[in-house]
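Here's the structure we're looking at; comments come further down.
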Amino acid sequence: MFLNRCFILAAAFSVLSLTLFAQEKEEGELEKPEPPADPPNIVMIFIDDMGYADPSCFGNPKMKTPHIDRLAAEGLKLTNFYVNSPICSASRVALTTGQYPARWGVHSYLNSRKKNAERGMKNYLSAGAPTTAKMLKKAGYATAHFGKWHMGGGRDVDDAPLPKAYGFDESLVSFEGLGDRLIIEGNGLAAQSEKLGKGKLTKTPKHKTTEIYVDRSIDFIERNKDGKFYLRMFPNDVHDAFIPAPGEQEKWADVTENPEEQKFFAVLAEMDRQIGRLVKRIDELGLAEKTLIIFTSDNGPTDWPRYYRSGLEPPGFTGQYFGRKWSLFEGGIRMPFIARWKGKVPEGRTDSTSPVAAIDLSPTFAKLTGAEIPEGVTLDGVDQSSVLLGGASGRSKSIFWQYGAPHAKLMPGNPKFHSPSLAVRDGDFKLLINRDGTDAHLFNLIEDPREENNLVKSQPAKAAELFGKIKVWAVDVGLEIEEAATPQLPLERPESLAISINGKTVEGKNKGVRLVDRRGMMRIQKGNVIDFAKADSPDVIGKEIQITVELIETESKRGVIVAQGGNRNGYSLYLKGGRVYFSVCRDWKRTIAASKYEIKSYPAVLEARLLKGGRQEVLISGYTRGTAEAKGLLEVQPGDGLQVGSDLIQPAGDYESPFPFDGVIRKIKIDTAKPPVSERFVE
139 MFLNRCFILA AAFSVLSLTL FAQEKEEGEL EKPEPPADPP NIVMIFIDDM
189 GYADPSCFGN PKMKTPHIDR LAAEGLKLTN FYVNSPICSA SRVALTTGQY
239 PARWGVHSYL NSRKKNAERG MKNYLSAGAP TTAKMLKKAG YATAHFGKWH
289 MGGGRDVDDA PLPKAYGFDE SLVSFEGLGD RLIIEGNGLA AQSEKLGKGK
339 LTKTPKHKTT EIYVDRSIDF IERNKDGKFY LRMFPNDVHD AFIPAPGEQE
389 KWADVTENPE EQKFFAVLAE MDRQIGRLVK RIDELGLAEK TLIIFTSDNG
439 PTDWPRYYRS GLEPPGFTGQ YFGRKWSLFE GGIRMPFIAR WKGKVPEGRT
489 DSTSPVAAID LSPTFAKLTG AEIPEGVTLD GVDQSSVLLG GASGRSKSIF
539 WQYGAPHAKL MPGNPKFHSP SLAVRDGDFK LLINRDGTDA HLFNLIEDPR
589 EENNLVKSQP AKAAELFGKI KVWAVDVGLE IEEAATPQLP LERPESLAIS
639 INGKTVEGKN KGVRLVDRRG MMRIQKGNVI DFAKADSPDV IGKEIQITVE
689 LIETESKRGV IVAQGGNRNG YSLYLKGGRV YFSVCRDWKR TIAASKYEIK
739 SYPAVLEARL LKGGRQEVLI SGYTRGTAEA KGLLEVQPGD GLQVGSDLIQ
789 PAGDYESPFP FDGVIRKIKI DTAKPPVSER FVE
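Each residue of the sequence shown is one higher than the one before, starting from 139 at the first, in the working numbering.
So this is what it looks like as structure tokens:
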């Protein structure tokens, strides 16, 4: 049973809340701060899609980032810093509010109204949310945000609040926000943003954006140097597509043959230069000892499937950490972190023991500045000012994450990086798990930072303890959780998986698909596929075809279940909007049989038939729900092999390949036979 609130968990939460309250008092987050004698200016640099090891001071193996390195040498590095989501919008909400993004209905990236609604997402961060900027503004700080926003506005969302509503006196954002903003030339989403109005629009090539943001930042600092200021500078140079200035990519040809990596290095080098320019001006103004500079990133580096399909490694480095963007493994959420405040933050030090999270920065800034957290507001983060000033953390509060079903659709291109949808770090231990208890991974991060040794089997009590904490947290932030679920070992990912073809068991190469049980139930996540060689694919020339599959569940209600061939000759069984489609391509002519209505209940047995004369039929649980006429059987063997879960090359249906499926299926059968034998297909 899935639930948002239940008596048992609510009671458990009330007990745990008393314990956490005591811990929070010890950690200082609820105490009214005494105004410090010298509250700092704060400059928050939040990079878009920078991996843990992209700065050379954190281990970049191929290039140097001298200006970022200098900042680290003059300050403190944290190697256990976490953002609170592996994707942009949710990560930014956590940093902005000091609260988990689930509290505000932002679980993934903000998209169009329709796409947001499909994923149970809000269209923007509520203007009523507590923000660091509001808090500091009330404490007498001038406030500004220059750079990527992506907390509302853009696409077709024209009613999102402007940055001023969140406490910023000045702002210049990109097309993923409203108010004064930069319109990136040649960007389709930026063109949509132009139609929304709501601010001064400035067109620019992407490679100039950070220079413009730094220009605005320097101007803001110069005008407010004699007072107190809070500045956010959020570059997005290293978010793909990487678009360097003309002639810059070629400078990296001797470093790497990967053209995407060449472009990535070029834009990273330019971003490093611009950050150096900003820090230099702060120092020239005599503000180094009056200004706390924070440098970190919103999530791990890109992992779009297109890189792997083209035979390239995606740009960006995570060092020893497993996973990338869109993953709750360490590479998706553990970020580089630098703090510099000359004379206050110890120089040249690395703290490799203190877990700190993005939600901690708001209460930390409150402590350092003397700003008051508004009455009635409880922040999820804890004050970590002692860590920034060179002391120990003493953290006793767990850090939680949620990313995945049912809210998030984007998944890493490398299926190995697909993670469970919930996670917690508690002391040395980290548990990743789905809301129904499946796919549990337990790691001791001190002994196993690479997340290679799953301890669920050897330490079941610890796994159960941490899952209990996740359950209480999930109820508190409004997430669905299964009350009675217990941690279960990860599903198997064998090298090959089999289906039935003409009554025989035929194996295909498995790329990420997991077995749910020993009866052959398969969980396919976006990007997973079973790929059959052409020699092992069905011979369909002049034959009737019947595909049968039992669909157990799907939240996305879209994607290819079975496909063979492409848009010249081939067939495909797929879902769109919960409806069942069966497409047949004969000599470049495509005909499609489709169910009139969505699947009403699960599990459901889906059947697709191509019969003598070319009649196509779609059946759901034994009832014919759609027909079409293909004018005959296939006369040429498809050039592409059979796939389950995606259509990898040319599309056999009316979609763009690979059109991946996301859900659970079993009992896949494909039967072919020379006509007239249609009656044997009827059960």
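Every residue gets a Cβ at the ideal spot worked out from N, C-alpha and C, and that includes glycine.
Since the structure is predicted, the reported quantities are computational estimates derived from the model, not experimental observations.
Residue burial classification, residue i (beta-carbon count within 10 angstroms, cutoff 16)
| i | result |
| --- | --- |
| Y220 | buried |
| P384 | exposed |
| P512 | exposed |
| N222 | buried |
| A379 | exposed |
| A726 | Residue identity check: residue 726 is Trp in the sequence provided, not Ala. Result: exposed. |
| N437 | buried |
| Q458 | exposed |
| R447 | exposed |
| I471 | buried |
| S331 | buried |
Whole-angstrom distance between residue j and residue i, CA atom to CA atom
| i | j | result |
| --- | --- | --- |
| E620 | V610 | 11 Å |
| F405 | P193 | Note that residue 405 is Val in the sequence shown here, rather than Phe. Answer to the nearest angstrom: the Cα atoms are 13 Å apart. |
| I730 | K202 | 54 Å |
| A612 | L653 | 27 Å |
| K255 | V651 | The sequence given here has Ala at residue 255, not Lys. Computed Cα separation, rounded: 28 Å. |
| L168 | V594 | Residue placement at L168 is flagged as unreliable, the pLDDT there being 37, under the threshold of 50; the coordinate-derived value follows with that caveat. So the alpha carbons of these two residues sit roughly 35 Å apart. |
| L506 | A277 | 12 Å |
| I679 | L711 | 18 Å |
| C226 | L233 | 11 Å |
| T590 | I537 | Looking at the sequence provided, one finds Glu at residue 590 rather than Thr. Near 21 Å, if we compare the C-alpha coordinates of I537 and E590. |
| G291 | K401 | 29 Å |
| I683 | L771 | 9 Å |
| K170 | G697 | With a pLDDT of only 45 at K170, under the threshold of 50, the placement of this residue in the model should not be trusted, and no figure is reported. |
| D186 | T440 | 10 Å |
| T217 | D489 | 6 Å |
| S433 | H205 | The question names Ser, but residue 433 in the sequence shown is Phe. One C-alpha to the other measures close to 12 Å. |
| P544 | A240 | 12 Å |
| A496 | G189 | 15 Å |
| A280 | L248 | 28 Å |
| L423 | A477 | 19 Å |
| R411 | G665 | 37 Å |
| M660 | I420 | 56 Å |
| P741 | D294 | 35 Å |
| K302 | R370 | 13 Å |
| S337 | M549 | Strictly speaking, residue 337 in this sequence is Gly, with Ser absent from that position. Computed Cα separation, rounded: 34 Å. |
| D318 | L569 | 42 Å |
| Y709 | L517 | 54 Å |
| R724 | D574 | 44 Å |
| S264 | T456 | 33 Å |
| G760 | L689 | 13 Å |
| K769 | I685 | 19 Å |
| S500 | E485 | 23 Å |
Whole-Å CB distance - residue i paired with residue j, under 8 Å assumed
| i | j | result |
| --- | --- | --- |
| T342 | G305 | T342 to G305, Cβ: 26 Å. No contact. |
| K734 | R763 | 6 Å |
| D737 | V718 | Here the sequence assigns Ile to residue 737, which means Asp is not the residue at that position. 7 Å between Cβ atoms; contact. |
| G508 | I662 | Not a contact, Cβ separation roughly 53 Å. |
| L209 | I431 | 7 Å |
| S634 | G646 | 6 Å |
| L214 | Y368 | Not a contact, Cβ separation roughly 20 Å. |
| Y445 | P224 | In fact, because the Cβ distance is near 17 Å, the residues do not count as touching under 8 Å. |
| K344 | I321 | That pair is no contact at about 11 Å. |
| H288 | R230 | 6 Å |
| T116 | N179 | Not covered by the structure: residue 116. The range shown for the chain is 139 to 821. |
| Q754 | T765 | 6 Å |
Per DSSP, cross-strand counterpart(s) of residue i
| i | result |
| --- | --- |
| F306 | DSSP lists no partner for F306. |
| T765 | E755 |
| K805 | Answer is none; K805 lacks a bridge partner. |
| N582 | F567 |
| V718 | L713 |
| L780 | Q702 |
| T643 | S638 |
| T488 | K215 |
| F433 | I183, I476 |
Cutoff 9 Å: residue i Cβ touching any chain B Cβ
| i | result |
| --- | --- |
| G266 | Reference to chain B is not applicable here, since this structure consists of a single protein chain. |
Q: Give, in chain order, every unbroken run of the beta strand (DSSP E) that is at least 3 residues long and sits entirely within the segment 328 to 397.
A: 339 to 342, 367 to 372
Q.
Suppose only complete runs of 4+ residues qualify. What are the alpha helix (DSSP H) ranges in the segment 228 to 298, listed by chain order?
A. 251 to 256, 270 to 276
Q) Where are the alpha helix (DSSP H) runs, 4 residues long or more, that stay fully inside the segment 504 to 562, in chain order? A) 523 to 526
Q) Where in the segment 171 to 218 do unbroken runs of the alpha helix (DSSP H), each at least 4 residues long, occur, reported from the N-terminal end onward? A) 204 to 211
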